[in-house]
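Asks: Residue numbers (the numbering used here): 1276 to 1425.
For glycine and all other residues, C-beta sits at the position ideal for the given N, C-alpha and C.
These figures come from a predicted structure and were not determined experimentally.
Dropping the structure in here first, questions after.
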């Protein structure tokens, strides 16, 4: 199985390779300005972790003969721009944050979108969580984990 931009609870905003979603969540909760590389119009197929879990379970129990040795894309099959991602997180967090744009990172892929038709055909996989639902679950966990006073 080949996974596309998995996100969800327990992702850390720390470290040099922290993913965009926890970094954006952290900035929005603090009402700070996160960095966006390039113009923010690059896109990714963000996939909530529970979709990946379901894909693993479906693959485990599939007896389709073509499954073994095949490259199976696991994602939502939807393209979201980095600007769009930031706007969703800002809305969920009710933040007033505004991003700061900086130069593109050399070698970054402009667009990434998975074709999940083979996953559906061979395992019956269909994502059950769309990005906004996954972001809300992730935000709730993130806020409790990093910003709860208890």
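Do you know how far the Cα of residue 1412 is from the Cα of residue 1316?
Replies: So the alpha carbons of these two residues sit roughly 25 Å apart.
Asks: Enumerated in chain order, which unbroken segments of the beta strand (DSSP E) with a length of 3 residues or greater are wholly contained in the region 1315-1366?
Replies: Fully enclosed beta strand (DSSP E) runs of 3 or longer: not present.
Asks: In its own chain, which residues sit with a C-beta less than 7 Å from the C-beta of residue 1303, not counting the 5 before and 5 after it?
Replies: For residue 1303, where only same-chain residues beyond five positions count, the Cβ hits under 7 Å are 1364, 1365, 1368, 1370 and 1372.
Asks: Is DSSP giving residue 1404 helix, strand or coil here?
Replies: It is coil, neither helix nor strand.
Asks: Measure the alpha-carbon distance for residue 1392 versus residue 1277 and round it to whole angstroms.
Replies: Looking at the two C-alpha atoms, the distance is approximately 13 Å.
Asks: Can you tell me whether DSSP reads residue 1279 as helix, strand or coil?
Replies: Coil, per DSSP.
Asks: If you run the structure through DSSP and keep just helix, strand and coil, what is residue 1412?
Replies: Looking at residue 1412 - three-state DSSP - the assignment turns out to be helix.
Asks: Chain E beta carbons: is any one of them nearer than 8 Å to that of residue 1365?
Replies: Of the chains in the structure shown, none is chain E; there is only one protein chain.
Asks: Is there contact between the region 1396-1412 and the region 1321-1337, where contact requires at least three CB pairs shorter than 8 Å?
Replies: Because the criterion of three Cβ pairs below 8 Å is met, the region 1396-1412 and the region 1321-1337 touch.
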